[in-house]
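Note that the sequence shown covers residues 1089 to 1580 in this note's numbering.
The structure appears below as structure tokens.
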Amino acid sequence: MATTELNTDRAAAQLLGEALREVGYSERRVSDLLGDDAYEGGREEAPVGERRLPRTPLAAVVRLLFLQLPTPARDVVEALGRRGVDSLEATGLAEVGADVVPHVRVLPVGNLLVASDDFPDEDHDRRPDYVAAYTPTSRLLDSLTPRRRVARALDVGTGSGVQALLSARHARHVVATDVNQHALDYAELNAALNGFDNIECRRGSLFEPAGDETFDLITCNAPYVVSPESKWAYRDAGFQADEVSERVVRGAVEHLADDGFATLLISWLAHDEDEPDERPLAWTDGIGCDSWILPIWGEDPLGHAATWNDHLTGQGGRFAAALDTWTEYLARLGVRWVTEGAVVLHRRPGRNFSARVDEVDEDDLDDASDQIQRAFASRMRLAELRRRSDLLGCRLKVAAPVVLEHELEPRRGRTTVVTAAFELDEGTHSRVEASPRALELVAALDGTATLAERVQAAARRLGLGDAETSRLRREVLDVSTELLELGVVDFS
Ligand SMILES: C[S@@+](CC[C@H](N)C(=O)[O-])C[C@H]1O[C@@H](n2cnc3c(N)ncnc32)[C@H](O)[C@@H]1O
């Protein structure tokens, strides 16, 4: 599909957005028409989708902007009105003749509309300044972003502007930056398409366009792929090794306002696969923020090279040549392991800043906004305790839906609980194992009694002696601290 240059006609984009919303063009309605896996298909599956569509105005829009198929102009006029069709042409999103021919895709993301270059899986056709709509990494960053009301947000490497759009719903003002003018054109158009007038686009590298301003929320889905190439702006930042990631972390720290959060999708290298997270731990040490390092994918150099050159499979020797070039590059850097994941930072007053590392499973990640806010609020409270045992004097409560698992075994003719685990039923779906009696105690926390009182009551009920009561107290302290830091349990 040919791409033409965009025209950032905000008035036309706004009008088009209104027409698209009026006809009901949303993620839910697309899934209703094309099925739940509609978003997973590529261009090659468009003929299947096309055949599922009824003859309705909404279906004409889905055909044109989701499946990216030329659509009779009279159908598009019926769906969007003459002014809607003129707006498609005025913005450069489509060419209008007897058929309307799409130049770009407009993807509904929830209730947002995101225009971008083409289907996301046509790797070899991508132009160097290619802009994607909402990729799996966009979703990860979105899910890990605290969504509370803030005054100022910054989105670095905004691409289509999707993170800026998401932040614009709960921030008074959003600054969106990119080195790529083509991306900023999309961000500008997408802001108007969604009726936002609080997004300001600025061109420049990383935090340079932010000057010395500070922000309450910083998001960055960095072009973090460690590669010897500089082929695509969204993938290759053009820095050596994992330098772009270090710069993103340090830049975020510099631009974070008091009580501000930053969610950064980055990558990091390790010379020792048994110590994969040393570098982000070093980057976040002594920075005046609590940090949460969330490794999502980890691979050895060959695995990393294969993942990021997947689009070359089946293209003769090109795949093999890319594997050699990439692994030689990583070998020269002495790399044994590559991790891609998120770093969440919270700037706060006080001291005793801490870092946590918890692996996250991409397939098990839901919206973690509330969890992250609870987790960092609890870490601030924990940092204020003079001694760890002071937690025993606190009232805690279970803060979110959890699943309490028991593993049972028959022992001496009775069924006995041998292990127990708590699993958060939202956000990162974190899982914590502990003794069954400690977890049963924690599961009953409702903020009405202190931890010490709960332990005493449990000890009386179970008839425990002093040594066993002390053990239970230690277990409860350990598991409560862990669950507070994970945002599963809360101070009441
Ligand atoms: C992985 S994409 C993320 C796009 C979007 N924010 C998202 O979440 O889907 C990375 C973006 O960073 C931009 N970029 C590359 N190098 C950059 C730099 N030095 N400074 C700022 N942005 C850069 C690319 O143009 C691209 O839009």
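By construction, the Cβ of each residue, glycine as well, lies at the ideal position given by its N, Cα and C atoms.
Keep in mind it's a predicted model, so treat the numbers as computed, not measured.
| Asked | Found |
| --- | --- |
| Meets three-Cβ-pair contact criterion under 8 Å: the region 1407 to 1416 and the region 1443 to 1462 | no |
| Proximity below 8 Å, CB of VAL1111 to CB of VAL1149 | yes |
| Contact test: GLN1251 Cβ vs ligand 1 heavy atom, cutoff 7 Å | yes |
| LEU1352: CB within 7 Å of a non-hydrogen atom of ligand 1 | no |
| heavy atom of ligand 3 below 7 Å from PRO1216 C-beta | Among the ligands modelled here, namely ligand 1, ligand 3 does not occur. |
| With 16 other Cβ atoms within 10 Å as the buried cut-off, status of ALA1408 | exposed |
| VAL1263: CB within 7 Å of a non-hydrogen atom of ligand 1 | no |
| Neighbour-count burial assignment, ARG1140, 16 or more Cβ in a 10 Å radius | exposed |
| Outcome for GLN1102 when other beta-carbon atoms lying within 10 angstroms are tallied against a minimum of 16 | buried |
| ARG1424, enclosing alpha helix (DSSP H) - first and last residue | Taken as a continuous stretch (DSSP letters only), ARG1424 belongs to no alpha helix (DSSP H), as it is neither H nor E. |
| Anticipated Cβ contact below 8 Å, SER1379 with ALA1456, distance rounded | About 15 Å; that fails the 8 Å criterion. |
| Closer than 7 Å: THR1034 CB and nearest ligand 1 heavy atom | Missing from the structure shown is residue 1034; the chain here goes from 1089 to 1580 and no further. |
| PRO1196 CB to nearest heavy atom of ligand 1 below 7 Å | no |
| Cβ pair GLY1137, GLY1130 closer than 8 Å | no |
| Selection from ALA1508, VAL1432, ASP1365 that minimises the alpha carbon distance to THR1351 | VAL1432 |
| Simplified DSSP state of VAL1111, which is helix, strand or coil | coil |
| Whole-angstrom C-beta distance between ARG1236 and PHE1303, which should lie under 8 Å | Not confirmed; about 13 Å, so no contact. |
| Cβ-Cβ separation, LEU1277 to THR1179 (assumed contact under 8 Å), whole Å | 6 Å |
| Of the listed residues PRO1389, ALA1532, ASP1454, GLY1105, nearest to VAL1577 (C-alpha basis) | ALA1532 |
| Per-residue DSSP class, three states only, for GLY1339 | helix |
| Extent of the continuous beta strand (DSSP E) to which GLU1521 belongs | 1519 to 1522 |
| DSSP-derived helix/strand/coil call for ARG1215 | coil |
| PRO1364, buried or exposed, once every other Cβ within 10 Å from all chains shown has been counted against 16 | buried |
| Extent of the continuous beta strand (DSSP E) run through ASN1309 | 1303 to 1309 |
| Own chain partners of THR1091 with C-beta closer than 8 Å, once the 5 adjacent residues on each side are dropped | Reliability fails at THR1091, whose pLDDT of 49 lies under 50, so the model's placement of it is uncertain and the value that follows must be treated cautiously. Cβ neighbours of THR1091 beyond the five flanking positions: HIS1191, VAL1192, ASP1205, ASP1206, ARG1215. |
| Cα-Cα separation between LEU1357 and VAL1314, rounded to whole angstroms | 9 Å |
| Close-in-space but distant-in-sequence residues of the same chain around ALA1410 (CB under 6 Å, 5 per side omitted) | ASN1397, LEU1400 |
| Whether ARG1519 touches GLU1511 by CB criterion (8 Å) | yes |
| Closer than 7 Å: SER1255 CB and nearest ligand 1 heavy atom | no |
| Simplified DSSP assignment, three categories, for THR1091 | In this prediction, THR1091 scores a pLDDT of 49, lower than 50, which makes its location untrustworthy; the coordinate-derived value is nonetheless stated afterwards. In the structure shown, THR1091 sits in coil (DSSP, three-state: anything other than H, G, I, E or B). |
| Beta carbon of VAL1188 nearer than 8 Å to that of LEU1201 | no |
| Euclidean distance between Cα positions of MET1089 and HIS1270 | Its pLDDT being 42, under 50, MET1089 is placed unreliably in this model, and the value from its coordinates should be taken loosely. The alpha-carbon atoms of MET1089 and HIS1270 are separated by roughly 17 Å. |
| Of the residues ALA1329, PHE1284, ARG1257, GLY1247, the one placed nearest ASP1266, counting alpha carbons only | GLY1247 |
| ARG1561 and LEU1480 closer than 8 Å at C-beta | yes |
| Neighbourhood of ASP1513 by C-beta, 8 Å cutoff - its chain only, sequence neighbours within 5 removed | ALA1488, PRO1489, VAL1490, VAL1491 |
| Collapsed DSSP secondary structure at VAL1564 in the structure displayed | helix |
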